[in-house]
Amino acid sequence: MGTKQSPLLVGGGQAHGPRNTRNWKRKVNKKVWALGMKVALSDKIRSGELVAIPASHLDIPRTNKLSRQLSNLGLLDRTLFVSSDITLHLASRNIPTIDTLTPEEVDVYDVLRAKKVVVDVQALNSLYHKIQIKAGEIEGSVEEPEEFGFETPALTEQEEQALLEKADFRLKFSAEVLDAMATRKPVVALESTIITHGLPRGDNLSLGRKLEKIIRDNGAIPAHIAVIDGHPLVGLSDKQLEILALDESLNPLKISRRDLAVASALNRSGGTTVAGTICLASAAGIKHFCTGGLGGVHRGAERTWDVSADLTELGRSPVNVICAGAKSILDTSLTLEYLETQGVTVATVGETNDFPAFYSPKSGYYSPYNLTPVEAARVSLASDGLSSGALFCCPIPAEYAEEGARIQSSVDQAIKESQEAGIAGKETTPWLLARVAELTKGSSIKSNLALIENNAKISADIAVAYNQLQKGQEPEQKVYPMGHMKKPDATKSEVGKPPVRQPPQQVQEEKQTDIPADVMIIGASALDITSQYKDVVGENPQSTYPGVIKIGLGGVGRNIAEATNRVLRKSPISSMLVTPVGSDEFAETLKSATSKLKMRTDGFINTYHPTPVVNLLLNSDGELREGVSSFEAVEKLTFDEVKKVLTKHKPQLIALDGNLNSSLLADVMAYAEVNNIDTLFEPTSVAKATRILSGSGIPKLTYATPNIFELKALVESKQFGELRETDSYWETLNGLRLFQNFRDQLERNLPKNVLELGLPQMSVMLLPICKNLLVKCGSDGVLAVTRVKRDEFGDWKDIKSDKEASRVVHLPNDGDGVVVQHFKASVAERIVNTTGAGDSFVGALIAAVASRKGLTDSVKLANEAAMLTLGSQDAVSARLNYLSDDLEL
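Going by UniProt numbering, the first residue of the sequence shown is number 1, and it counts up by one from there.
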């Protein structure tokens, strides 16, 4: 009985002396784990098997492209990626030779088992705080943890230096920029040479602050790029900006690509030129960069070969520069030719394709294209994956154009003087700008400030539109004072020649109403208006107080429809929201906002009732003080109004929101049964969960998605008690043959917390009215309970009960079967908002089952959708768009 190592005696007992002290526990305490991780990482550093990269270093839109990139880098053989980037997780899941884990998931065994370990900057920062490895500093990161309370072997100086070198930890992000990149907000880079070398002290600081304000006011996040004490910074605090602008002892360098290593090695400070900023912006993953003007080919370059590094850098970095064209001291014709040679897209953001000359809106030469900001954003999106950038030129505002002609004569004089004085190289531009300012008595500085402020506004608009396009939203077209952006069609011409206008082509688009809706979500949509006091206020009801008012889209049915639409965005399957609206301004706002999300609006039913609105009043701490809701349109929606839409489209799946009245729910269920249409019911709340049971007879749902409280409300309701007294209910339940063997399997294979709540038992009780019950258990995941008909047993013949998979498969010989499976919740990077996670789960589930995915795959996809929304401030995360790729696998 047993062995010497593991003696076993009947009835218990100890056979061979001392107790067995072996500990087979998989979990260890934090101290031991930290020590083990330090040893594992130290080993990888010594052997050269740890690589750290910026979070944006890999372009990872799809699995096949990622696989090619990793193959080129030699990272396809047992490589472990440690990253919180959900895109990387999704793209790498089907590459068998690599694993991708978050910093919270990675374990010592994972590090030791991998042949190479690749850690992104943010993940390395997280590991640093978990195990106290000194791996550089990221501004805005969390505070260092307390000591573990006992001594552990520290890394040697050589090991620390090796980690720093391997980590490529040269970029230092500000808290604001780090947050923007983590939450996928639009970011605009700004150069700093104009602060350190371009303007007089005082003016330079004012401009830096004003540019940041303009960019923020227009919806983007500014990121001044500079080098301070040898650290390349992406995003500056106001104090750092003051140091660059006002510190007379700083002796700042003018830092291009060639100077970055020197400045870093010698701990110098300075402003980054256009080329230097492009280089660092590319490394940081910032797509758009605003500056005053671009360097180019200098006059007489055929003799001197004086060509700005700005042009070559733009040709090899995927960064789009928004500026007022090439500086007027340059040879514009040769600059355009050189940009063409470098493969750089050149376009004017304006009504014509005149190539601007810094102080003047017209240089006498032409860009190949002229675009609107939205079109420029589309070009940016289409260029993702290219190794080169684009140049978007913004003409100086019209009120400064006349002055620009006078300034140009001063520029010509200054150029002549610089040549006579023998000024060359990187000192040329600062000297010329100062001399031109002197000759024009400061008017050139005013024009300079005006054009770069204009550039900042347009840069933010392009970045915001690009960000919206990435999320699958339709950006808003803006109108500008100069008559910019009137025509939506880009036109092309030869470089240096006048543009040739092409007549617009008429495209006959298929009407929305002619496209059949395969999936129909019937439920509530509403405008959410939230008012929050700015400060603590008194109780005077007859006063107004300063605060913040926000308007957004809400309603369970609408949220589910948005989630479904996002996941199906690349699928031929069409989804439709059927919802009542009034004939008021709120309805127009709701329709317009829905259209911008590329959702159909032909399912909106016009009623005589007001459009549903929820108006909440919050105190200064964000707590609900009071609110008013108007849902009369939803509560009084009739089946006759809905039937017209159902009859026209004949959907394959109908999803119902518990906000609908019980009569409408019963009629839609009856219609679906007659027409053999699958149905899904989302209870919405405990109070409304039982509405589905209020009709005559037993409802026959295909899917239901209650949470734990709604499940309990359904089972304990009076209506369900009446259903349980019917013969048909017990005939169905008894046919499942749920005897002692089934109960034993539940005890053996399901998690203890699920069993203690009685979730499997309550769910099984609902199987006579619902074929697939998916119980949302919050952080405990999802419990799926399915009734399997005998003719479906073949689909489950190779799947067995499994404790590891938390699955019970019960297929009796003389009745229908039951499959019960528990799915763990996907772990969110951070929890920002819990209100829309359930709706996102349901919407993604609908998209998956409509795409004929199996229930297991569908639940896993829906879990990921819920996780993504937990990390978003929106009711439905825009990152659900990324899940559309999973439907194609």
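Positions of the beta carbon are idealized from the N, C-alpha and C atoms, including for glycine.
Note that the structure is predicted; figures quoted are calculated from it, not measured.
Secondary-structure assignment with DSSP links Glu-438 through no beta bridge to anything. Beta-bridge analysis with DSSP links Thr-679 to Ile-654.
Per the Cβ contact rule, the region 174-182 is not in contact with the region 198-208 (fewer than 3 Cβ pairs under 8 angstroms).
With contacts defined by Cβ atoms closer than 9 angstroms, Met-520 and Leu-653 form a contacting pair.
When the five nearest sequence neighbours on each side are left out, the beta carbons in the same chain lying within less than 7 angstroms of the beta carbon of Arg-316 are those of Ser-387, Ser-388, in order along the chain. In the DSSP assignment, Lys-116 falls within the unbroken beta strand (DSSP E) covering 116-120. Counting along the chain, Arg-737 sits inside no beta strand (DSSP E), nor does DSSP assign it H or E at all. In this model, Ala-180 and Val-187 are separated by some 7 angstroms (Cα to Cα). With contacts defined by Cβ atoms closer than 9 angstroms, Val-297 and Asp-331 form a contacting pair. Straight-line spacing of the CA atoms in Lys-471 and Ala-878 works out to 5 angstroms.
Pro-580 counts as buried, since at least 16 other C-beta atoms from the protein chains shown sit within 10 angstroms of its C-beta.
No Cβ-Cβ contact shorter than 9 angstroms links Thr-611 with Ala-593. Secondary-structure assignment with DSSP links Ile-521 through a beta bridge to Leu-577, Ala-655. Around the beta-carbon of Ala-261, fewer than 16 other beta-carbon atoms lie within 10 Å, marking it exposed.
When DSSP reads this structure, Leu-233 sits in a beta bridge with Lys-172, Ala-226. If you ignore the 5 residues before and after Lys-712, its C-beta comes within less than 7 angstroms of the C-beta of Met-762, all in its own chain and listed in chain order.
According to the DSSP assignment, Thr-312 belongs to the alpha helix (DSSP H) that extends over 309-316. In this structure, Lys-115 places its C-beta atom within 9 angstroms of the C-beta atom of Asp-77. With 16 or more neighbouring CB atoms inside 10 Å of its own CB, Lys-771 falls in the buried class. A Cβ-Cβ contact shorter than 9 angstroms links Ser-282 with Pro-318.
Taking the CA atoms as reference points, Ser-447 sits about 8 angstroms from Glu-403. Residue pairing by DSSP places Tyr-703 opposite Leu-680, Asn-772 in a beta bridge. Phe-823 is bridged by DSSP to Val-782. In the structure shown, Glu-792 falls within a helical segment according to DSSP collapsed to helix, strand and coil. The beta carbons of Ala-655 and Glu-673 sit no closer together than 9 angstroms.
In the DSSP secondary-structure assignment, Gln-532 is bridged to Val-548, Leu-618. DSSP, reduced to helix, strand and coil, places Leu-70 within a helical segment of the structure shown. Among the bridge pairs identified by DSSP, His-810 is matched with Val-818.
DSSP places Cys-279 in the helix class (H, G or I) of the three-state scheme.
Between Leu-590 and Leu-469, the CB-CB gap reaches or exceeds 9 angstroms. When the beta-carbon positions are compared, Ala-347 and Val-374 stay at least 9 angstroms from each other. The beta carbon of Thr-684 sits closer than 7 angstroms to those of Val-556, Asp-657, Gly-658, Asn-659, all from its chain and outside the five residues before and after it, given in chain order. The C-beta of Lys-38 has 16 or more other C-beta atoms within 10 Å across all chains shown, which makes the residue buried. Between Pro-706 and Val-775, the C-beta spacing is below 9 angstroms.
A Cβ-Cβ distance of about 5 angstroms is found for the pair Phe-586 and Leu-527, placing them in contact under the 8 angstroms criterion. The Cβ atoms of Gly-271 and Thr-196 lie closer than 9 angstroms to each other.
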